[in-house]
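Asks:
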Amino acid sequence: MIHEARQGSLNLIFDADDTLWDSNIHFHEAEAAFLEMLRMRGISHLEIRAAIRRHELDIIAEVGYGRGPYVRALHRVVRELLPAHHHDAFAIEVERIGMKLLSRHCELLPGVEPTLRELSRRHRLLLFTKGQPTEQMAKLERAGLRALFSRVGIPLEKDTAAYSLLLAQAGLDPASTFMIGNSPRSDINPALRAGLRGAVFIPHPHTWELECEELELAEERVITITAFSQLLELF
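Residues in the sequence shown are numbered consecutively from 4, following our numbering.
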């Protein structure tokens with residue numbers, strides 16, 4: 004079905020982080036610095052990582068995804084794993100790690116800008132990404148891509164209900180709408196469950212572990228590509 008998509012104008016919905024630009028690698032760098040900081044206090048990487056994931060998920064449930072919430076999770080880990088008399092000193096170190104993370108510029112992935120510009124000439128492009136709205140809009144503006152998207156949606160979660168709501172609010176016909184992203188959990192599977200015509204999966208080597216799951220069995224509605232520019236061969 005997806006191979007027949009070159010007929011007429013379509014609605015193309017794009018993920019942002021690790022689809023348009025590198026993102027999760029910056030979290031890896033921040034986490035590596037944090038792990039080393041606490042390892043020097045005799046705490047194992049396994050224990051630290053387990054605490055990070057636990058607090059990260061708690062904060063996501065409270066305020067959503069993003070760099071700021073991740074730094075808040077690191078602060079909670081310090082308070083959990085270290086004695087109270089170390090909290091203030093290590094909070095300063097967490098802020099240093101956090102400032103570096105928050106200031107990191109997201110590099111566009113190869114071929115993204117020219118491919119989007121070409122696609123925007125014949126299709127309607129939308130951005131649908133998780134994260135903190137101020138963070139995500141700043142990335143988009145800095146990348147110089149805002150004008151290419153007719154609509155930007157930043158939901159707390161990208162599940163089937165969120166895609167169904169996007170279809171309704173943006174007036175999209177599911178039969179002419181496709182999702183493009185790197186996450187089976189947030190981009191591909193829920194989009195297909197919401198009835199989109201198809202999806203394009205672009206794997207990224209640093210996709211967050213919690214975004215990884217099996218692609219649902221819909222081979223005629225999903226295609227996997229290895230380079231963003233290959234979208235021009237499909238659409």
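We treat Cβ as the ideally placed atom computed from N, Cα and C, and that holds for glycine.
Keep in mind the model is a prediction, meaning the values are calculated, not measured.
#1: From the DSSP output, which residues share a beta bridge with Phe204?
#2: Once you ignore the five residues that flank Met182 on each side, which residues in its own chain have a CB closer than 7 Å to its CB?
#3: One question on the structure: do Phe231 and Pro113 come within less than 8 Å of each other, judged by their Cβ atoms?
#4: Sort Met140, Leu159 and Asp162 by Cα distance to Phe152 and report the nearest one.
#5: When you compare each of Arg42, Gly67, Ile46 and Glu214 to Glu138 by their alpha carbons, which one comes out closest?
#6: In angstroms, rounded to a whole number, what distance separates the CA positions of Lys142 and Cys109?
#7: Please list, in chain order, all residues of the same chain as Ile46 whose beta carbon is under 6 Å from its beta carbon, the five residues on each side excluded.
#8: In whole angstroms, give me the CA-to-CA distance for Arg124 and Ala164.
#9: Measuring straight from C-alpha to C-alpha, what distance separates Pro208 and Leu60?
#10: Give every residue of the same chain whose Cβ lies closer than 6 Å to the Cβ of Gly101, excluding the five residues on either side of it in the sequence, and list them in chain order.
#11: Starting from Gly71, trace the alpha helix (DSSP H) both ways and give me its first and last residue.
Replies: Straight from the coordinates:
#1: Looking at the DSSP output, Phe204 bridges to Gly184 and Thr227.
#2: If we look at Met182 and ignore the five residues flanking it on each side, its Cβ neighbours are Ile16, Asp190, Ile191, Ala194, Leu199 and Ala202.
#3: Phe231 is a Cβ neighbour of Pro113, given a cutoff of 8 Å.
#4: The closest CA to that of Phe152, considering only Met140, Leu159 and Asp162, is found on Met140.
#5: Closest by alpha carbon: Gly67.
#6: When rounded, the distance between both Cα atoms is 7 Å.
#7: Only residues of its own chain outside the window of five on either side were considered, and among them Leu84 have a CB closer than 6 Å to the CB of Ile46, listed in chain order.
#8: For Arg124 and Ala164, the distance between alpha carbons rounds to 30 Å.
#9: The straight-line gap from Cα to Cα measures roughly 22 Å.
#10: Closer than 6 Å at the Cβ level, and outside the excluded window around Gly101, lie Val74.
#11: Secondary structure note for Gly71: its alpha helix (DSSP H) is the uninterrupted segment Arg70 to Leu84.
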